[in-house]
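Numbering (our numbering), first residue to last: 23 to 208.
These notes are about the structure you will find just below.
Here it is in structure tokens:
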């Protein structure tokens with residue numbers, strides 16, 4: 023059953039446990055006027071997510087690995103990614119840094135493996151350009167063009183050995199054709 027905790031008439035905690043799901047706890051932090059400043063969400067006893075608010079709107083999010091290390095952090099504008107977003111591996115090493123403009127990739131993107139070795143570094147000005155991602159061994163895993171922040175044209179997907187697995191044709195972010203293995207490539 024859901025459980026609420028109140029202080030001076032304001033909800034300060036919400037706890038919920040459903041069968042076969044981990045218990046979820048949310049803590050609410052407010053200013054002296056009752057406006058929410060941040061909400062911390064806990065799962066399995068550890069912090070999972072922190073959402074910061076300004077003027078009643080979420081503007082910054084942090085997510086946490088179960089180890090307690092920071093997993094990702096970034097800012098929002100109208101509930102969309104905006105500005106620099108950073109992701110970390112569960113061992114604390116930086117995994118990814120990328121810039122967004124109103125939810126669309128725009129600017130410099132960098133990716134590292136778990137040991138801190140740079141796997142890729144590329145630019146997407148204005149949400150247009152070549153997107154590349156890499157396997158941990160440094161081989162390209164996927165590559166294609168973005169147009170206004172959406173996949174466009176042919177995208178190639180490769181295995182860790184560098185072998186081409188499939189080519190997917192996109193129009194405005196939607197798959198229109200697949201040539202090769204139609205399973206999801208990770």
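The C-beta atom is built at its ideal place from N, Cα and C for all residues, glycine as well.
Remember, it's a predicted structure, so these values are computed and weren't measured experimentally.
Cβ-based burial, residue i [other Cβ within 10 Å; buried from 16]
i: residue 182; result: exposed
i: residue 190; result: buried
i: residue 55; result: exposed
i: residue 194; result: exposed
i: residue 96; result: buried
i: residue 141; result: buried
Unbroken beta strand (DSSP E) run spanning residue i, endpoints
i: residue 173; result: 172-180
i: residue 82; result: 79-86
i: residue 48; result: 46-52
i: residue 63; result: 58-65
i: residue 109; result: 102-110
i: residue 154; result: 151-156
i: residue 201; result: 196-202
i: residue 167; result: 162-169
Alpha-carbon to alpha-carbon, residue j and residue i
i: residue 160; j: residue 109; result: 18 Å
i: residue 196; j: residue 171; result: 12 Å
i: residue 104; j: residue 126; result: 8 Å
i: residue 84; j: residue 42; result: 26 Å
i: residue 185; j: residue 119; result: 27 Å
i: residue 71; j: residue 88; result: 11 Å
i: residue 99; j: residue 49; result: 23 Å
i: residue 174; j: residue 192; result: 5 Å
i: residue 106; j: residue 76; result: 18 Å
i: residue 94; j: residue 162; result: 23 Å
i: residue 45; j: residue 62; result: 14 Å
i: residue 53; j: residue 80; result: 15 Å
Cβ-based neighbour list, residue i, same chain, cut-off 7 Å, excluding 5 preceding and 5 following
i: residue 187; result: 179, 180, 181, 202, 203 and 207
i: residue 91; result: 110, 112 and 114
i: residue 276; result: No answer is possible for residue 276: the residues shown for the chain start at 23 and end at 208.
Beta-carbon proximity list for residue i, same chain, < 8 Å, skipping 5 on both sides
i: residue 164; result: 153, 154, 155, 177, 178, 179, 180 and 207
i: residue 151; result: 144, 145, 167 and 168
i: residue 116; result: 108, 109, 110, 134 and 138
Cβ distance (whole Å) where residue i is taken to contact residue j below 8 Å
i: residue 128; j: residue 148; result: 6 Å
i: residue 86; j: residue 68; result: 7 Å
i: residue 47; j: residue 74; result: Between residue 74 and residue 47 the Cβ distance is about 18 Å, and since that is not below 8 Å, they are no contact.
6 Å Cβ shell around residue i - same chain, five flanking residues per side excluded
i: residue 51; result: 59 and 60
i: residue 131; result: 120 and 144
Chain B contact for residue i (CB, 8 Å cutoff)
i: residue 75; result: Going by chain labels, chain B is absent from the structure shown, which holds only one protein chain.
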